[in-house]
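Participant:
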Ligand SMILES: NC(=O)c1ccc[n+]([C@@H]2O[C@H](COP(=O)([O-])OP(=O)(O)OC[C@H]3O[C@@H](n4cnc5c(N)ncnc54)[C@H](O)[C@@H]3O)[C@@H](O)[C@H]2O)c1
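Residue numbers (this note's numbering): 5 to 454.
Below you can see the structure in the form of structure tokens.
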């Protein structure tokens, strides 16, 4: 009866939805459900984040949800707490916490498990847990054991799902509302419960798969596909450098093939909390089974090699030009127009330049000086001693012999083009090869423009 009660409470929006983790995944989901009429409790261990959101202060990437956010605050449907409390209403816990890169002695599920435990402390028969975090293979079954250890019977008086988030923050075409999901649900009633919740998320566009393992492998495989293709194109870019051709000319020509080819473009490598991490779950899984996943292994190696290759190219070019080794690294986020600096190639390049005694500065319009400690942790660095520039003003730029463009933002694109056209520095290394060659500029562009 319990799960049937939850189903009817969900259909009438009388259940409580607790969302664990109010970051890139949990925050938009909370607002979506709260503005759809559900009572949403956001649970986060970060008091500063809770305080910020409670004071209606949003990060740049959250501003797109501002209107709905204010609406959800006004209608009282969105509350934030550090710990959940008991309730007589059915509860659905959605886990959206980070899953760090698996390493020796670090379980990537540490936060997922603590969020689940936190939910279980206040839950009762009929409640449901949905995991949205990207997790290593086998996690959902581990969570099943934890839940059953509390005396519940999955599929009878407790529901369990794995429904990995696929969101691409700031993507305007593919949003929370129109990205289909893959889902594993422990039983049919739980699946119907989730359908009635996700009706308000993505119109219940849910592809149900038979086992939790299938859904877990799907999520990591999607990101492995991107990692491998990005590494492939970055290695092609290295070859094109040597051939003195622009890799983008190759890709754009290849992309005229109407089937069997998908363009990926060069960069300083992948970053963020998904693509460099999730494929490792498959690698780890293969190793546990005394097997290999050499494509992923190689792609990860290429990904760590690319920043070093870029610094080699910058170093040898400055040596050939016989000018001092001073570089401004521009663009420290892992993707455009967002403040997320986790596992970002910009920091890897700065770190490599510093190891080689370059004079280094960094600039990103999204960089916040007071977040420096967090950036260090998020990039697994002990120290960073670069000069933090506040702008790309002419006078500041002229102090450098090279600009290494790692990431473009709408806020910097025109300025970087102007710097090149005005020949403000002797050399620009454009990791994304986006600057169009201008014969009037005296600036050397990339490495094959002598
Ligand atoms: N960022 C993306 O684009 C994206 C896309 C798809 C999937 N994912 C996956 O979703 C998960 C969350 O990623 P994110 O980018 O939203 O992370 P995030 O760092 O932006 O947010 C996570 C939040 O969880 C909080 N938190 C940590 N431990 C907690 C706990 N035990 N209880 C409650 N809150 C806790 C943190 O304080 C933080 O506010 C990860 O597994 C990630 O791989 C992320």
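Each residue gets a CB set at the ideal place from its N, CA and C atoms; glycine is no exception.
Please indicate yes or no: does the CB of residue 49 lie closer than 6 Å to some heavy atom of ligand 1?
Facilitator: Within the chain shown, residue 49 is the residue found at index 45, counting from 1. Yes - ligand 1 has a heavy atom lying nearer than 6 Å to the Cβ of residue 49.
Participant: As an exercise, report each continuous alpha helix (DSSP H) stretch of at least 4 residues that is fully enclosed by the segment 381-435, in chain order.
Facilitator: Those alpha helix (DSSP H) runs which fall completely within the segment 381-435 and span 4+ residues are 398-401 and 417-425.
Participant: Short check: CB of residue 325 to CB of residue 367, under 7 Å?
Facilitator: Counting from one through the chain shown, the residue named residue 325 turns up at place 321. Counting from one through the chain shown, the residue named residue 367 turns up at place 363. No, they are not a contact pair.
Participant: Would you say residue 93 and residue 18 are within 7 Å of each other, going by their C-beta atoms?
Facilitator: The count along the chain shown starts at 1 and reaches residue 93 at position 89. The count along the chain shown starts at 1 and reaches residue 18 at position 14. Cβ distance < 7 Å, so residue 93 and residue 18 count as in contact.
Participant: Residue 447 by DSSP, collapsed to three states: which one?
Facilitator: Against the chain shown, residue 447 aligns to sequence position 443. Note: residue 447 maps to coil in three-state DSSP.
Participant: Could you tell me which residues DSSP pairs with residue 330 in its beta bridges?
Facilitator: As a working note, residue 330 is residue 326 in the chain shown. According to DSSP, which records beta bridges pairwise, residue 330 is partnered with 363.
Participant: Excluding the 5 residues preceding and the 5 following residue 279 in the sequence, name in chain order all residues of the same chain whose CB lies nearer than 6 Å to its CB.
Facilitator: Here the question's residue 279 lines up with position 275 in the chain shown. Result list for residue 279: 227, 230 and 231, in chain order.
Participant: Have a look at residue 238 and residue 313 and give me their C-alpha separation to the nearest angstrom.
Facilitator: On the chain shown, residue 238 is found 234 positions in, with the first residue counted as 1. On the chain shown, residue 313 is found 309 positions in, with the first residue counted as 1. Answer to the nearest angstrom: the Cα atoms are 10 Å apart.
Participant: Return the residue from the list 207, 339 and 293 that minimises the CA-CA distance to residue 269.
Facilitator: Counting from one through the chain shown, the residue named residue 269 turns up at place 265. The option with the nearest alpha carbon to residue 269 is 339.
Participant: Quick test of the definition: if touching needs 3 or more C-beta pairs under 8 Å, does the segment 127-140 touch the segment 293-312?
Facilitator: Not touching, per the Cβ criterion.
Participant: Per DSSP, residue 164 forms a beta bridge with which residues?
Facilitator: Residue numbering aside, residue 164 sits at position 160 when the chain shown is read from its first letter. Residue 164 pairs with 133.
Participant: I'd like to confirm something about residue 68: is its beta-carbon nearer than 6 Å to some heavy atom of ligand 1, or not?
Facilitator: Taking the chain shown and counting its residues from 1, the one referred to as residue 68 is at position 64. No, the beta carbon of residue 68 sits no closer than 6 Å to any heavy atom of ligand 1.
Participant: For ligand 1, is there a heavy atom less than 6 Å away from the beta-carbon of residue 416?
Facilitator: The residue labelled residue 416 in the question sits at position 412 within the chain shown. Answer for residue 416: no, Cβ out of range of ligand 1.
Participant: Taking 6 Å as the line, does the beta carbon of residue 370 fall inside it for any heavy atom of ligand 1?
Facilitator: In the chain shown, residue 370 corresponds to position 366, counting from 1. No, the Cβ of residue 370 stays beyond 6 Å of every heavy atom of ligand 1.
Participant: Taking one C-beta from the segment 293-301 and one from the segment 246-264 each time, how about it: are there three or more such pairs within less than 8 Å?
Facilitator: The segment 293-301 vs the segment 246-264: no contact.
Participant: Buried or exposed, going by whether 16 or more other CB atoms sit within 10 Å of the CB of residue 352?
Facilitator: Position 348 of the chain shown, counting from 1, holds the residue named residue 352. So residue 352 counts as buried.
Participant: Would you call residue 447 buried or exposed, if buried means 16 or more other Cβ atoms sit within 10 Å of its Cβ?
Facilitator: Position 443 of the chain shown, counting from 1, holds the residue named residue 447. Buried, by the Cβ-count rule.
Participant: Is residue 244 near ligand 1, with its Cβ less than 6 Å from a heavy atom?
Facilitator: As a first step, residue 244 must be located in the chain shown, where it is residue number 240. No, the beta carbon of residue 244 sits no closer than 6 Å to any heavy atom of ligand 1.
Participant: From the DSSP secondary-structure annotation, give me the bridge partner or partners of residue 189.
Facilitator: Here the question's residue 189 lines up with position 185 in the chain shown. 165, per the DSSP bridge assignment.
Participant: Let me confirm a value: residue 99 is counted as buried when at least 16 other C-beta atoms fall within 10 Å, else exposed. Which label applies?
Facilitator: Position 95 of the chain shown, counting from 1, holds the residue named residue 99. With 16 or more Cβ atoms within 10 Å of its Cβ, residue 99 is classed as buried.
Participant: Is it true that the segment 174-194 meets the segment 238-251, where meeting means three or more beta-carbon pairs spaced less than 8 Å apart?
Facilitator: No, the segment 174-194 is not in contact with the segment 238-251.
Participant: Rounded to whole angstroms, what's the CA-CA distance from residue 359 to residue 249? Just pull it up for me.
Facilitator: Here residue 359 corresponds to residue number 355 of the chain shown, with the count starting at 1. Here residue 249 corresponds to residue number 245 of the chain shown, with the count starting at 1. Using only the alpha carbons, I get a separation of about 30 Å.
Participant: What runs of the beta strand (DSSP E), each 3 residues or longer, lie entirely inside the segment 43-125?
Facilitator: Whole beta strand (DSSP E) segments, 3+ residues: 43-47, 82-85 and 95-99.
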